[in-house]
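Residue numbers (the working numbering), protein chains in the order written: chain A, 24 to 453; chain B, 843 to 1385. Glycine included, every Cβ here is placed at the ideal spot set by N, Cα and C. Please read these numbers as outputs of a predicted model, since none were measured by experiment. Down below is the structure, laid out as structure tokens.
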């Protein structure tokens, strides 16, 4: 039985309505919150071990503590609801089914850091989630959970919803900030970090939707309750978006520390049609691929997945069966990164394009024998050498595909075709 | 506050908070970079300036343009990793760069070429068709854009937006579809647009004026100063060594005057050096104009102003006339040496008045570099205590020209240096004189009025000092020899001076300068022979 913290209200009818949310115990953390010292709230969140759930996995409490205290500038919160990482579809669930949990989390974070203006940057394609979120915000304002003097606490907070315009790179924290400022979503060099110089040049906290939605539980039950779940360095639970060749794709919440494949099988019913497992991508398309053997033996937590050479990322798990083609997968994801690259820096702009061309001709059966070593030589040139990590997000997985499934690539070259192209249930589209 | 850093094992002392790339490049390292420019600041997108910073864990790559030095910082620039990154960035940039070198203006001074030679030198591995974008696109009165060559460094965009204050270029599109362009239906019209050609590290932005003009390796570059307005931007004159013609002007960095830039007007004001020139001495005698040798023209010049040649030699014929009143009119575009020679002449010859004329119409003044006063040396004239007269305004309400009422009957005129425009007020003034002697480099209505005409030298051919509106002395250096005569105007005037004095101090330009510095209070204590590439600011009290 998996522990539900974020998804606890998902199956409660109309939990997105304020009246229902309140009946379910919503917003009661605010009473405790406003009686606390903001610095103590930060401590509480630090001790809970809550890590960013957007992909970077950085300690939320520690990020908040980087914001300078008395700097004379307003501070901002940017809620990252861009949910751009391919394979990720969990934040939309929160926005549609439990938006008040996010709002409650926004109030908690803002109070702790001293923020009075928050922007929720939602990807423009999320039409329904945006409508649901805005409706919830309107309800919250009407009941005094947002606006001036929230519930008589003396604390003011305004929340605005901003629509993105179709760019993955605007999910990168500084790309998001640039976009909010009305400019092209091109990431900024870091340092300085947003906590010091962010939106409009002011200290800014950027947090993922899910991260903030965990805060009410932590406030209500104490940091110990949260830290009691998970492993030593991966505390609490996470929403995992499981897709690919499984019987029941969906969003499943789980505490860290379970066996990866056991969790996938238990939640989704295992590989569709009882076909063989080929590979698992554990953390979104930006994470290196795991072989079936690795997936069966690794524990689902930050350290273990990292030790296996990959990352938890946004918790987007994509399952590949024996009928899927890894070369095709590389072609599909590289086309995504090439399309989404902002174009600022040469390694990313040119590298993603180059890898896409190489993957395309490989999948068509026109790959040259030297292509594999070429790919392996290009990838390190794209890692650690760019403004943001989109370049790494292309190169790290690409390298893992070639390294771990080299035989598949070589078959494409030798047979001058894709050996899997006639297989049933080929997952690739277009 | 001073800090100590270590680079490749070598210790360097510098000030805290400076950008690492500046510290490196000032101390002998040559850190490659595209998007960074000291006049624009860092942008961080080209990734070429990355070096390794030693950390407790392992060396970390960081862009040196956006890394401020801290005490104890340890930097490595010669590791395999750094070499690999530089070659990698170069390769990525060349991936879709068109092989235009044989027809590209930038060849020979191209950053991409230079870095390839220094940091890459590998064969191309790109086998796919390169992107097709717009080429040879007319984007304004001064610029041609080639989108394929652009490396998207954003320098031109930042320059126009942040420094020139007019955002007229931008990078549209995303990823490898990104391209540099103007805004829809608009052009680049900034009066500083041509700085983007200097800034562009490749041949994406080229100057219409210079396009296909000269391969850059044939250009000899000479440091000099712009003479189009009273700002006096430091610049360089680029001369094609094959045909000895000035092909372009470009700004030089001078933190005291113009920073890194100059305006388009000044930059394009060189064509007259190659054309419209006074090529021969001319003497008018009995209504007819004759070509003459310099010695004879000089003798006639001396006779005109009522001086012998100093050695009692015969003039062109007839007896020396009675000494008429002489008006010496020097243009405010003259150098200090030319003005001082005129001052010496006026001081030594009785019955002489000297005016310095402002005659070029006022131009646009802005808050950046351009000054409305289109004379480079008005301040120099003022500091020498000379009377500056304004001819640009034209006759006054009563129809009188400036100072014209002071001209006695039968006065003669010696006009020096009117190369930058004549204009009606000046021509009407000249008409008041019975005999006109002119030393000028450029053909104009005035030179056609001369009874004695001696060719002068343009700014590109002479050595001389000018003082800008802020009292900053800068030096013109000759970029080419005088095309038709090599004698500088100050020397021509000085030969006339010799008729009135035994003073030999003026035999050399150094002698003239020394004479000036010892006798003129404004320049006392200034070594005019030691004016370096960025000039000397005169003390405020004397300005």
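| query | result |
| --- | --- |
| Separation of residue 441 of chain A from residue 385 of chain A, as counted between CA atoms | 8 Å |
| Given 8 Å, three or more beta-carbon pairs between the segment 1353-1365 of chain B and the segment 1215-1230 of chain B | yes |
| Residues that DSSP places opposite residue 1065 of chain B in a beta bridge | B:1078 |
| Per DSSP, the bridge partner or partners of residue 1168 of chain B | B:1194 and B:1254 |
| Residue of A:81, A:96 and A:402 minimising C-alpha distance to residue 219 of chain A | A:96 |
| Residue 324 of chain A burial status per 10 Å Cβ neighbour count (16 or more: buried) | buried |
| Neighbour flag for residue 889 of chain B against chain A, beta carbons, 8 Å | yes |
| Residue-chain proximity (residue 1233 of chain B, chain A), Cβ-Cβ < 8 Å | no |
| Backbone CA spacing between residue 1371 of chain B and residue 1090 of chain B [nearest angstrom] | 27 Å |
| Best match in A:58, A:136, A:307 and A:129 for proximity to residue 182 of chain A [C-alpha to C-alpha] | A:129 |
| Integer-rounded CB distance, given that residue 319 of chain A should sit under 8 Å from residue 292 of chain A | Not a contact, Cβ separation roughly 16 Å. |
| Cross-chain neighbours of residue 927 of chain B in chain A, by beta carbon under 7 Å | 408 |
| Contact list for the segment 333-366 of chain A against chain B, Cβ threshold 8 Å | 361, 362, 363, 364, 365 and 366 |
| Proximity of residue 313 of chain A and residue 331 of chain A at Cβ, strictly below 8 Å | yes |
| Any chain A beta carbon closer than 8 Å to residue 1018 of chain B | yes |
| Any chain B beta carbon closer than 8 Å to residue 376 of chain A | yes |
| Under the three-state DSSP convention, the category residue 1098 of chain B falls into | coil |
| Beta strand (DSSP E) runs wholly inside the segment 244-329 of chain A, at least 3 long, in chain order | 260-267, 273-278 and 300-304 |
| Stretch-stretch touch, CB-based, cutoff 8 Å, three pairs: the segment 1173-1184 of chain B with the segment 1269-1277 of chain B | no |
| Exposure of residue 941 of chain B, with buried meaning 16 or more beta-carbon neighbours within 10 Å | exposed |
| Separation of residue 1034 of chain B from residue 427 of chain A, as counted between CA atoms | 55 Å |
| Cβ separation of residue 847 of chain B and residue 891 of chain B, assumed to be a contact under 8 Å, to the nearest whole Å | With a Cβ gap of about 16 Å, residue 847 of chain B and residue 891 of chain B do not count as contacting. |
| N-terminal and C-terminal residue of the alpha helix (DSSP H) that residue 920 of chain B is part of | Taken as a continuous stretch (DSSP letters only), residue 920 of chain B belongs to no alpha helix (DSSP H), as it is neither H nor E. |
| Segment contact, 8 Å Cβ cut-off, at least three pairs: the segment 429-436 of chain A with the segment 389-401 of chain A | yes |
| Same chain, Cβ closer than 6 Å to residue 344 of chain A, five either side skipped, listed in chain order | 268, 294, 298 and 301 |
| Through-space distance from residue 226 of chain A to residue 101 of chain A, alpha-carbon basis | 11 Å |
| Option in A:289, A:262, A:131 and A:334 with minimal Cα separation from residue 58 of chain A | A:131 |
| Status (buried if at least 16 other CB within 10 Å, exposed otherwise) for residue 201 of chain A | buried |
| Per-residue contacts from residue 931 of chain B into chain A (C-beta, under 7 Å) | 369 and 370 |
| Those residues which DSSP pairs with residue 99 of chain A across a bridge | A:140 and A:227 |
| For residue 1023 of chain B: DSSP bridge partner residues | B:1012 |
| Collapsed DSSP secondary structure at residue 1115 of chain B in the structure displayed | helix |
| Close beta carbons around residue 1195 of chain B, own chain, < 8 Å, minus the five adjacent residues each side | 1167, 1168, 1169, 1170, 1188 and 1248 |
| Assumed close pair residue 984 of chain B, residue 1106 of chain B - CB separation to whole angstroms, cut-off 8 Å | 6 Å |
| Interface residues of the segment 395-426 of chain A facing chain B [CB-CB below 9 Å] | 397, 400, 401, 403, 404, 405, 407, 408, 409 and 410 |
| Neighbour flag for residue 903 of chain B against chain A, beta carbons, 8 Å | yes |
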